[in-house]
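Asks:
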Amino acid sequence: MAAACYVSGRITFLSCFVFFFFFFFLISSFCFFAHATDTLTQGQSITDGQTLVSAGNIFELRFFSPGNSSHGRYVGIVYHSSISATQTVVWVANREAPITGSGGRLKVTSDGDLVVLDGAGGSVWSTNSSAAPSNSSTTLQLLDTGNLVLQDGGGGTLWQSFDHPTHTFLPGMKVSLNTTTGKALLFTSWKSPDDPSAGNYTLGLDPNGSAQIFIWDRGVPRWRSGQWNGHRFIGTVMRSLYIYGFDYETDESQGIAYYTYTPHNASLVRFVMEWDGMERTFMQVQETRQWEIVWGQPINQCEVYGKCGVYGTCSDDGTTTTTCSCLQGFEPRSSAEWSDGNWTGGCARKTPLHCQLNSSSNEDGFFTLPGVKLPDHSDWASTIGSESGCREACSSNCSCRAYAYAASDIGCLLWGHDLIDIYRFEFPQDGYDLHVKLAASDLDAASNKTKSRVIVAVGCALGLLLAIIICYLLWWKYGSRAKVSWKKKRQQENTVLHPSGEVVSEFSSIYGEETQEGKASEPLFTFDCIATATGYFSDSNKLGEGGFGHVYKGTLPGGQEVAVKRLSRSSGQGLEEFKNEVILIAKLQHRNLVKLLGCCIQGEEKILIYEYLPNKSLDAIIFDTSKKELLDWKKRFNIIEGIARGLLYLHRDSRLRIVHRDLKASNVLLDENMNPKISDFGMARIFGADENQGNTNRVVGTFGYMSPEYAMEGLFSVRSDVYSFGILVLEIMTGRRNSSFHRMENAVNIVGYAWQLWNEDRAVELIDPTIRSASTISQALRCVHMALLCVQDRANDRPDIDAVIRMMGSGSGPLPMPKQPMFVAVGSADVTETKIANKYESFSTYDVTITMVQGR
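In full-length UniProt numbering, the protein residues as written are 1 to 856.
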């Protein structure tokens, strides 16, 4: 019995030992994968459902199925779920050999190789890196850079994924070229969004050693970056994201040249060679963990390589229209193909160069093509240090087709091949001047053509002037009787809005006879009529107030609602502004300008009657935390666009050329559908057809919205309004007043703060959180970029409003780089206000300040 018990106890002990052994083995295995590791050692593996996670929880190596794919399972590197809200793949191992089912395994073999095995144990992909000694402890580690590294026991790299990229370029990777063999490291697109196998498009360095990055479509060039000038790619309009990140290096010991990208802040960035032939740059919005497209190549058809063939230049109108034209002195090789829109055949010289005919090369000259993406196949003349030397080098070499020179930039570039891939930038300052060699006869033809155009233009102008003079004489002779008859009829028909003789007399005394006649179409209201309509200017009907007085809501006897602007008698200003406003608005008709219904001039009372807009002014909504959500991104963009179109009408399309001079949020009214209308023309000025700039000793406007040249020197132009528009756009984007930024990160105002964030690629933080979504962020960032161009210090650097509207178009192409504003931080707002008060005499006690400069 005792023996039996002993044997039974021994069996029980062994059973318990085995049970606990397997229990601890399972627990340790579970802990190994539950507490995600970044390393596999020799002999270890992971199966489908298990992962490697980099130390900082940024990247993850795992099995996945792309999108809606039914192709099978792949092993790849993706952003960790804590970083990206969606599955974002940056590298694929077995892109050409997906695994059927979920039985796959990734293993570091005993001989130091990394393999992907299918469910049957067969190898579908391998690093083929079995160079480690058999006794070496090979490890596989996933780094926070996204690099998967296979190392030997001594820390040497046997293989790394950065040397075998698929479709994504990450910071820290290299776009490299073996300068000895001409073999480039290529990034290859997926075949489709759901198929990671190699597609048609590749990206890499030019094998010819030009240091340009190319995109190829099955080996045929599709896009090129342009030459590298030591700071940026000269064929691409580059923003700070690119300028500060890329660097070009050569390693003579290894015989390679390469580009690297180093982000200058904590933002996550990736460059992807997409399946549709576009290289797209993605930046993460940290708040939403979503990825937004911030750049793309090629962004329009003109950037497609050789779109217009040799000696052709491409231009687009900012939409989808692409136009090719032959360079001066060249003509289409096939007129039939050219007229059908097939431009790839390019152009040929009209006249051979004299040097090609063994004639004197002095008869050849150069035609300058400004602001272009320079053509492909250039040679750098490193020993030439002047433009005259560069020109002479091309002129003395008959095989030289063109040259370009920029002393502190590209130096001297010469072209000995046919000129191809020339793109005329929308903004000339983004490109370079290309000097094309032509025969003397073609240069003379170009000069004669220019002279002919000048003659035609002058003739048309003289003919138009003569027609205007004749029309004026006819009007002066026959118009008086018609005007008198019309005024009598108007007075007879007018009942509610009848002008008394006293009011008409007062009106005439202000404007003079000519102005009165010009304003006969605007009814004059009696003061009693207006007082009754507003409840005798009751505070309950008050809509707002400004520098010159109050605005009330009124209801006319017929039931029509109106807005009544009553000028303050004690404002110290107003008479001139009142006359200005009546004259201007009466002649302006546009959907984005407020409509003037009439006016009242009686005694000391000066009143304007406008259409009533139920949503009041923009500032009443956009700066109110409880109301700003009424303005979603679509409405805000519509408001920005509407203001721009209103300014375009004032600056260019109306019968008069008008500078508003006081554009701000409180002077933009909103109708029932939130459509904007520019109001308050009291400070506007009319420009003559040949005037570009005005000068005044009387600076009026609102601090924060006034352009530097206007505030400091009294100079104003249409670009002064563009500056105010830029400030207004930034306020709309942020949902905050310009003056609320002076204590934020040492910024003086909204311009300084916006520049600081944009320059650090943190412009997303500038955008109002209520409109910051994945579907709108790209367009919103473009508006911020556009606004920074509008608020540049020098008036000549700012775009005109027509260019601004083109920039807002979805297909208008890349925008130029704005210049850094010359803002200087001050100690406090109080100090600034004291200095301003000493220099300016204020005529308003309100927040919206109107000022006059005394004694310039």
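Backbone N, C-alpha and C define an ideal beta-carbon position, used for all residues, glycine too. None of these values were measured; they are calculated from a predicted model.
#1: Does DSSP put HIS651 in a helix, in a strand, or in coil?
#2: So that I know if they touch, is there some Cβ in chain D lying closer than 8 Å to that of PRO221?
#3: With a Cβ-Cβ cutoff of 8 Å, do TRP291 and PHE282 count as a contact?
#4: What do you get for ILE470, buried or exposed, if any count of 16 or more other CB atoms within 10 angstroms of its CB means buried?
#5: Can you find the residues in the same chain that come closer than 8 Å, C-beta to C-beta, to ASN494, ignoring five residues on each side of it along the sequence?
#6: Mind the definition here: the stretch 391-398 touches the stretch 344-364 only if three or more C-beta pairs lie below 8 Å; say whether that holds.
#7: Apply the 10 Å Cβ neighbour rule to ASP662 and answer buried if 16 or more other Cβ atoms are within range, or exposed otherwise.
#8: So is TRP475 buried or exposed if we call it buried at 16+ other beta carbons inside 10 Å?
#9: With a threshold of 6 Å on Cβ separation, who are the neighbours of THR555 within its own chain once the five nearest residues in sequence on each side are excluded?
#10: Grouping DSSP H, G and I as helix and E and B as strand, with all else coil, what is ILE601?
#11: Counting Cβ pairs, one atom from each stretch, are 3 or more of them under 8 Å apart for the stretch 725-733 and the stretch 777-795?
#12: Taking all protein chains shown into account, do 16 or more other C-beta atoms lie within 10 angstroms of the C-beta of THR262, making it buried, or fewer, making it exposed?
#13: Going by beta carbon distance, what residues of the same chain come within less than 6 Å of VAL751, once the five residues before and after it are set aside?
#14: Given 8 Å as the limit, is there contact between the stretch 374-381 and the stretch 422-434, that is, 3 or more CB pairs closer than that?
#15: Would you mind listing the alpha helix (DSSP H) stretches within the stretch 526-556 that are 4+ residues and don't spill past its ends, in chain order?
#16: In terms of alpha-carbon separation, which member of LYS634, ASP680, ASN592, HIS660 lies closest to GLY642?
#17: Classify GLU731 as helix, strand or coil using the three-state DSSP reduction.
#18: Determine contact between the stretch 773-787 and the stretch 757-765, defined as no fewer than three beta-carbon pairs at a distance below 8 Å.
#19: By a C-beta neighbour count over all protein chains shown, 10 Å radius and 16 as the cutoff for buried, is GLY230 buried or exposed?
#20: What does the alpha-carbon distance come out to for the pair THR437 and TRP343?
#21: What number of angstroms, rounded off, separates the C-alpha of TYR536 from the C-alpha of LYS579?
#22: Tell me whether ILE468 is buried or exposed, calling it buried when 16 or more other Cβ atoms sit within 10 Å of its Cβ.
#23: When the Cα atoms are used, what is the spatial distance from GLN87 to SER192?
#24: Can you tell me whether ASN697 is helix, strand or coil according to DSSP?
#25: Roughly how far, in whole angstroms, is the beta-carbon of SER703 from the beta-carbon of LEU647, given that I think they are within contact range, below 8 Å?
#26: Exposed or buried, ASP830, counting other C-beta atoms within 10 Å across all chains shown (16 or more means buried)?
#27: Three-state secondary structure (DSSP) at HIS435?
#28: Which residues mark the beginning and the end of the alpha helix (DSSP H) in which residue 857 is found?
#29: ARG655 and LYS587 look like a contact to me (Cβ under 8 Å); what is the Cβ gap, rounded to whole Å?
#30: In chain order, what residues of the same chain have a beta carbon less than 6 Å from the beta carbon of PHE30, not counting five sequence neighbours either side?
#31: Can you say whether ASP247 is buried or exposed, counting buried as having 16 or more other CB atoms within 10 angstroms of its CB?
#32: Tell whether a beta-carbon distance below 8 Å holds between PHE330 and TYR305.
#33: Return the chain-ordered list of same chain residues with a C-beta closer than 6 Å to the C-beta of PHE214, the five sequence neighbours on each side being excluded.
#34: Let me check understanding here. Comparing Cα to Cα, which of THR321, CYS326, SER339, ALA348 lies closest to ARG333?
#35: Would you tell me roughly how many angstroms separate the C-alpha atoms of GLU392 and LEU414, rounded to the nearest one?
#36: When we look at the beta-carbon of PRO818 and count the other beta-carbons within 10 Å, is it buried (16 or more) or exposed?
Replies: Quick look at the numbers:
#1: The sequence position of residue 651 within the sequence shown is 651, counting from 1. Three-state result, HIS651: helix.
#2: Protein chains in the displayed structure number just one, and chain D is not present.
#3: In the sequence shown, counting from the first residue as 1, residue 291 sits at position 291. In the sequence shown, counting from the first residue as 1, residue 282 sits at position 282. Yes. Within cutoff.
#4: Here residue 470 is taken as the residue at index 470 of the sequence shown, counted from 1. With fewer than 16 other Cβ atoms within 10 Å, it is exposed.
#5: In the sequence shown, the residue the question calls residue 494 occupies position 494. Only weak support is given to the placement of ASN494: the predicted model assigns it a pLDDT of 37, under 50, and the value that follows is read from those uncertain coordinates. Taken in chain order, the residues that qualify are PRO523.
#6: yes
#7: Here residue 662 corresponds to residue number 662 of the sequence shown, with the count starting at 1. So ASP662 ends up on the buried side.
#8: Numbered from 1 along the sequence shown, position 475 holds the residue referred to as residue 475. Classification of TRP475: exposed, given that the 10 Å Cβ count is below 16.
#9: Here residue 555 corresponds to residue number 555 of the sequence shown, with the count starting at 1. Correct list, in chain order: ALA533, GLU561.
#10: Taking the sequence shown and counting its residues from 1, the one referred to as residue 601 is at position 601. The answer is strand: DSSP assigns ILE601 an E or B state.
#11: yes
#12: Translated into the one-based positions of the sequence shown, residue 262 becomes position 262. With fewer than 16 Cβ atoms within 10 Å of its Cβ, THR262 is classed as exposed.
#13: Here residue 751 is taken as the residue at index 751 of the sequence shown, counted from 1. Result list for VAL751: VAL791, PRO821, in chain order.
#14: yes
#15: 527-533
#16: Within the sequence shown, the letter at position 642 stands for residue 642. That would be ASN592, whose Cα lies nearest to the Cα of GLY642.
#17: Residue 731 sits at position 731 when you count from the first residue of the sequence shown. In the structure shown, GLU731 sits in a helix (DSSP, three-state: H, G or I).
#18: yes
#19: Working through the sequence shown from its first residue, we reach residue 230 at position 230. With fewer than 16 Cβ atoms within 10 Å of its Cβ, GLY230 is classed as exposed.
#20: Position 437 of the sequence shown, counting from 1, holds the residue named residue 437. Position 343 of the sequence shown, counting from 1, holds the residue named residue 343. First, the amino acid is wrong: residue 437 is Lys here, not Thr. The alpha-carbon atoms of LYS437 and TRP343 are separated by roughly 22 Å.
#21: For this step, residue 536 is matched to residue 536 along the sequence shown. For this step, residue 579 is matched to residue 579 along the sequence shown. One C-alpha to the other measures close to 24 Å.
#22: Counting from one through the sequence shown, the residue named residue 468 turns up at place 468. It is exposed - the Cβ of ILE468 has fewer than 16 other Cβ atoms within 10 Å.
#23: Looking up residue 87 in the sequence shown gives position 87. Looking up residue 192 in the sequence shown gives position 192. Their backbone Cα atoms lie some 16 Å apart in a straight line.
#24: Stepping through the sequence shown from its first residue, residue 697 is reached at position 697. A caution first: ASN697 carries a pLDDT of 48, below 50, which makes its placement in the model unreliable, though a value can still be read off. Three-state DSSP puts ASN697 in coil, outside helix and strand.
#25: Sequence index remark: in the sequence shown, residue 703 carries index 703 (1-based). Sequence index remark: in the sequence shown, residue 647 carries index 647 (1-based). Strictly speaking, residue 703 in this sequence is Phe, with Ser absent from that position. That belief does not hold up - the Cβ atoms of PHE703 and LEU647 are roughly 20 Å apart, past 8 Å.
#26: Locating residue 830 in the sequence shown gives position 830, where the first residue counts as 1. Here the model assigns ASP830 a pLDDT of 36, short of 50, so the residue's position is not dependable and the matter cannot be decided.
#27: Position 435 of the sequence shown, counted from the first residue, corresponds to residue 435. Three-state DSSP puts HIS435 in a strand.
#28: Because the chain is modelled from 1 through 856, residue 857 falls outside the range shown and cannot be assessed.
#29: Start at 1 with the first residue of the sequence shown, and residue 655 comes out as number 655. Start at 1 with the first residue of the sequence shown, and residue 587 comes out as number 587. The Cβ separation is near 6 Å, so the contact holds.
#30: For the purposes of this step, residue 30 is identified with residue 30 of the sequence shown, where counting begins at 1. Low per-residue confidence applies at PHE30: pLDDT is 44, beneath 50, and the placement is therefore not dependable enough to give any value.
#31: Counting from one through the sequence shown, the residue named residue 247 turns up at place 247. The residue in question, ASP247, is exposed, as its Cβ has fewer than 16 Cβ neighbours within 10 Å.
#32: Within the sequence shown, the letter at position 330 stands for residue 330. Within the sequence shown, the letter at position 305 stands for residue 305. No, Cβ-Cβ distance for PHE330 and TYR305 is not below 8 Å.
#33: What you label residue 214 is simply residue 214 of the sequence shown in a count that begins at 1. So the qualifying residues of the chain are ASP206, PRO221, ARG224.
#34: The residue labelled residue 333 in the question sits at position 333 within the sequence shown. It is ALA348 whose Cα lies nearest to the Cα of ARG333.
#35: Here residue 392 refers to the residue found at position 392 when the sequence shown is read from its first residue. Here residue 414 refers to the residue found at position 414 when the sequence shown is read from its first residue. When rounded, the distance between both Cα atoms is 11 Å.
#36: The residue given as residue 818 occupies position 818 in the sequence shown. Buried: at least 16 other Cβ atoms inside 10 Å.
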